[in-house]
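For the sequence shown, numbering that gives the first Met the number 0 begins at 0 and goes up steadily by one.
C-beta: ideal position from N, C-alpha, C; glycine also.
Since this is a predicted model, take the numbers as computed values, not measurements.
Some notes on the structure that comes next.
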Amino acid sequence: MKKPDRILELRRREMVEALGRYGIVNRRVLDAFQDVQRHLFFAEGSRETAYDDSAYPIGFGQTISQPYTVAYMTTLLVERSPAGKVLEVGTGSGYQAAILDALGYSVITVERIYELYERAKKLFLRLGLDIVVHFGDGTLGWKEDAPFDGIIVTAGAPSEPGSLLRQLANNGCMVIPIGDFVSQQMTVFRKTGEELQREVFQHFSFVPLVGKEGWEGS
Ligand code: SAM
């Protein structure tokens with residue numbers, strides 16, 4: 000292994016240890032964070048920051064979420080829908096989708112910014128990841144690929160999009176931050192037959208979910 004790779008591997012190990020100290024204890028989730036090389040989802044010049052526990056700009060006013068946030072959402076999903084087909088809304092850098100792929104899910108992800116969609120599609124191809132990427136408004140889900148065992152929304156929504164709830168499989172769950180532009184509460188919806196259960200967790204701060212069933216935007 001080349002020296003820079005070795006350093007990045009050590010930094011990745013430190014990131015995973017830090018996640019453990021912050022309360023992420025699910026072994027499957029921690030192993031996925033150890034397996035996926037987060038620095039590959041960063042531009043060449045900023046890879047040394049990839050293992051800091053912070054969000055980072057990826058262009059077009061968007062960010063790659065901080066590792067703790069990705070791990071927190073992933074844990075909520077894994078504990079309720081441990082396998083099957085997952086829809087991610089908000090591809091961004093592609094990192095969250097790669098984590099879901101490493102966990103063994105069949106992953107479909109949607110991005111509304113064309114340049115980010117294209118960049119992620121090329122990256123998945125280069126890394127040999129079997130992840131389906133769509134370009135479009137993810138607040139409407141992706142009817143052709145539904146139903147989903149899990150849905151994970153990685154941008155802040157004003158409320159739960161009805162289209163996404165309709166595309167959840169029976170016993171499926173959706174993890175979505177809901178609130179205003181400043182702060183959102185992580186919320187989980189679980190569908191059982193006709194029933195919909197809602198659980199609310201801690202606050203986070205996401206970029207807005209823009210679309211027909213999200214915030215208005217250009
Ligand atoms: N999951 C990403 C990652 O691992 O890098 C980070 C997501 S970033 C915090 C939020 C992403 O959601 C942005 O790329 C943004 O363009 C996208 N987004 C916002 N509204 C969307 C929508 N209606 N449909 C699809 N993507 C959307």
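**Report entry** Pairwise C-alpha distance: Ser105 and Ala42
**Finding:** Locating residue 42 in the sequence shown gives position 43, where the first residue counts as 1. Locating residue 105 in the sequence shown gives position 106, where the first residue counts as 1. Going by the C-alpha atoms only, they are around 26 Å apart.
Report task. Tell me whether the beta-carbon of Leu208 lies closer than 9 Å to the beta-carbon of Gly155. Result -> Residue numbering aside, residue 208 sits at position 209 when the sequence shown is read from its first letter. Residue numbering aside, residue 155 sits at position 156 when the sequence shown is read from its first letter. Going by C-beta atoms, Leu208 is nearer than 9 Å to Gly155.
Query raised in the report: By DSSP, does Ile6 sit in helix, in strand, or in coil?
Result: Locating residue 6 in the sequence shown gives position 7, counting from the first residue. Residue state, collapsed to three classes: helix.
Report task. Specify the secondary structure class of Lys194 as computed by DSSP and reduced to three states. Result -> Residue 194 sits at position 195 when you count from the first residue of the sequence shown. The displayed chain sequence assigns Glu, not Lys, to residue 194. DSSP, reduced to helix, strand and coil, places Glu194 within a strand of the structure shown.
Query raised in the report: Any chance the CB of Gln61 is under 8 Å from a heavy atom of ligand 1?
Result: As a working note, residue 61 is residue 62 in the sequence shown. Answer for Gln61: yes, Cβ within range of ligand 1.
Requested in this report: Quick one: give me the first and last residue of the beta strand (DSSP E) that Asp148 is part of.
Outcome: Taking the first residue of the sequence shown as position 1, residue 148 is located at position 149. Looking at the DSSP string, the run of the beta strand (DSSP E) that includes Asp148 is 147-152.
Report task. Entirely within the region 161-189 and at least 4 residues each: give me those alpha helix (DSSP H) ranges in chain order. Result -> 161-165
Query raised in the report: Is the beta carbon of Glu215 within less than 8 Å of some heavy atom of ligand 2?
Result: As for ligand 2, it is missing from this structure, which binds only ligand 1.
Query raised in the report: If we count the other Cβ atoms within 10 Å of its Cβ and call it buried at 16 or more, is Arg20 buried or exposed?
Result: For the purposes of this step, residue 20 is taken as residue 21 along the sequence shown, with counting starting at 1. With fewer than 16 Cβ atoms within 10 Å of its Cβ, Arg20 is classed as exposed.
**Report entry** Spatial distance of Gly161 from Asp4 (CA atoms)
**Finding:** Counting from one through the sequence shown, the residue named residue 161 turns up at place 162. Counting from one through the sequence shown, the residue named residue 4 turns up at place 5. Cα to Cα, Gly161 sits roughly 44 Å from Asp4.
Query - Simplified DSSP assignment, three categories, for Glu87 - result: As a first step, residue 87 must be located in the sequence shown, where it is residue number 88. Glu87: strand per DSSP, three-state reduction.
**Report entry** Three-state class that DSSP yields for Tyr259 in the structure shown
**Finding:** Not covered by the structure: residue 259. The range shown for the chain is 0 to 217.
Query raised in the report: Hey, would you say Thr191 sits closer than 9 Å to Val174, going by beta carbons?
Result: The sequence position of residue 191 within the sequence shown is 192, counting from 1. The sequence position of residue 174 within the sequence shown is 175, counting from 1. The answer is no: Cβ separation not under 9 Å.
Query raised in the report: If Tyr94 sits next to Ile63, beta carbons under 8 Å apart, how far is it from one beta carbon to the other, in whole angstroms?
Result: Position 95 of the sequence shown holds residue 94. Position 64 of the sequence shown holds residue 63. Their Cβ separation, rounded to whole angstroms, is 6 Å, which keeps Tyr94 and Ile63 in contact under 8 Å.
Query raised in the report: Which one or two residues does DSSP pair with Trp214 in a beta bridge?
Result: As a first step, residue 214 is located in the sequence shown; it is residue number 215 there, counting from the start. Beta-bridge pairing by DSSP links Trp214 to Val209.
Query raised in the report: Hey, how far is the Cα of Asn169 from the Cα of Ile6?
Result: By 1-based counting over the sequence shown, the position of residue 169 is 170. By 1-based counting over the sequence shown, the position of residue 6 is 7. The alpha-carbon atoms of Asn169 and Ile6 are separated by roughly 44 Å.
Query raised in the report: Which whole-angstrom value describes the C-beta separation of Val132 and Ala145, a residue pair presumed to lie in contact below a C-beta threshold of 8 Å?
Result: For the purposes of this step, residue 132 is taken as residue 133 along the sequence shown, with counting starting at 1. For the purposes of this step, residue 145 is taken as residue 146 along the sequence shown, with counting starting at 1. Between Ala145 and Val132 the Cβ distance is about 16 Å, and since that is not below 8 Å, they are no contact.
Query - Glu110 - DSSP class collapsed to helix/strand/coil - result: In the sequence shown, the residue the question calls residue 110 occupies position 111. Strand, per DSSP.
Query raised in the report: Using CA coordinates, which residue listed in Glu8, Ile57, Ala17 is at the minimum distance from Asp34?
Result: Here residue 34 is taken as the residue at index 35 of the sequence shown, counted from 1. The shortest C-alpha separation from Asp34 is found at Glu8.
Query raised in the report: Looking at Gly103 and Ile57, is the spacing between their C-beta atoms short of 9 Å?
Result: One-based indexing of the sequence shown puts residue 57 at position 58. One-based indexing of the sequence shown puts residue 103 at position 104. By the CB criterion at 9 Å, Ile57 and Gly103 fall outside the cutoff.
Report task. State the Cα-Cα distance for the pair Tyr67 and Leu18, rounded to the nearest angstrom. Result -> Taking the sequence shown and counting its residues from 1, the one referred to as residue 67 is at position 68. Taking the sequence shown and counting its residues from 1, the one referred to as residue 18 is at position 19. So the two alpha carbons sit approximately 6 Å from each other.
Requested in this report: Please state if the CB of Gly60 and the CB of Ala181 are separated by a distance shorter than 9 Å.
Outcome: Indexing the sequence shown from 1 puts residue 181 at position 182. Indexing the sequence shown from 1 puts residue 60 at position 61. Checking the displayed sequence, the identity of residue 181 turns out to be Val instead of Ala. Not a contact, by the Cβ cut-off of 9 Å.
Report task. Check Val24 in the structure and name its three-state DSSP category. Result -> Here residue 24 refers to the residue found at position 25 when the sequence shown is read from its first residue. Three-state DSSP puts Val24 in coil, outside helix and strand.
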